[in-house]
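Structure first, then comments.
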Amino acid sequence: EYPVPGVDTSPFAAGKSGGGDFDAVSSFVWSACVDGSNVARPTRIHLVCGVDERRPIDAWGVDHYTYWTRISLSNHQPSIDRVKNKMANELVVMCTRGTDDERSSVAFTIACGGLTAGLNVSVFLTSAGIDLVRRGSTSTTQVAPLENLEHLITSFITRGGTVWACTPCVQARGYTQSDLLDGVIITGASPMLHKVKEGAATLSF
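Residue numbers for the sequence shown follow our numbering, so the first one is 33 and each next one is one higher.
Set out below in structure tokens:
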């Protein structure tokens with residue numbers, strides 16, 4: 033917190049649209065934010081005014097007076113900015129294609145590329161996409177010149193990628209956790225939608 037330079041500490045009307053005190057506060061905020069001449073340029077500003085309770089408010093003939101004023105400046109990013117920065121590194125890939133469609137290989141090729149680029153990548157499998165993570169289902173699947181699909185999927189998981197398998201789609205096929213590749217998470221859409229809501233980039237195949 034920083035004291036406002038040049039501000040009279042005697043009570044002044046908060047409702048005034050001008051005057052020395054109002055101008056002093058405005059000038060301090062302006063210089064701090066725009067040219068940084070007073071302090072390090074802040075990312076958050078809090079203007080705090082306290083009422084002088086030691087003297088009757090109505091004695092001044094107006095409804096509101098302030099007795100002291102101070103400004104709190106912070107160089108920490110607001111929480112919303114931290115969230116945006118975090119989610120800028122998030123990628124969600126939805127895949128509904130099975131082994132009979134080349135787009136399933138494209139989806140995991142891009143997902144692996146996202147990891148290489150430093151992104152946090154999650155893949156949500158639904159519909160025929162569930163069959164991609166059934167043990168042994170992709171061992172012979174390859175779309176040249178892309179890598180073998182099973183290798184793409186296991187490499188993605190090993191490198192820290194997240195694979196979600198839609199619960200109803202898994203159940204509809206009679207699969208259980210033991211039928212799926214190690215590391216696959218059976219879940220509903222909530223984890224994916226949470227990332228999307230927070231601003232993650234999305235791709236669908």
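The beta carbon of each residue, even a glycine, is placed where N, CA and C say it ideally should be.
C-beta atoms of residue i and residue j nearer than 8 Å
i	j	result
V195	G215	yes
V202	F156	no
E130	S137	Here the sequence assigns Gly to residue 130, which means Glu is not the residue at that position. Going by C-beta atoms, G130 is not nearer than 8 Å to S137.
V175	E134	yes
Reference residue i; option with closest CA among the options
i	options	result
D211	G231, A120, V165 and G146	V165
A221	C127, T172 and N121	C127
E122	E134, I217 and L151	L151
T158	K229, M224, A149 and A233	M224
I185	A204, D163 and S236	D163
Through-space distance from residue j to residue i, alpha-carbon basis
i	j	result
F140	C198	17 Å
R191	L147	8 Å
T170	I142	17 Å
S69	K227	Any answer about S69 is weak, because its pLDDT of 46 lies below 50 and its placement is not dependable; what the coordinates show is given next. Near 40 Å, if we compare the C-alpha coordinates of K227 and S69.
G145	G206	32 Å
G161	D132	10 Å
A233	E182	25 Å
I218	E179	25 Å
S187	P200	26 Å
T172	S154	24 Å
A149	L213	25 Å
G193	L235	15 Å
A204	I189	24 Å
Q209	A120	32 Å
F237	P177	19 Å
Minimum Cβ-Cβ distance from residue i to chain B less than 8 Å
i	result
D163	Here chain B cannot be found, since the structure has a single protein chain.
Unbroken alpha helix (DSSP H) runs of length 4 or more, entirely within the stretch 142–195: which are they? Runs of alpha helix (DSSP H) with 4 or more residues, each lying fully within the stretch 142–195, are found at 181–190, listed in chain order.
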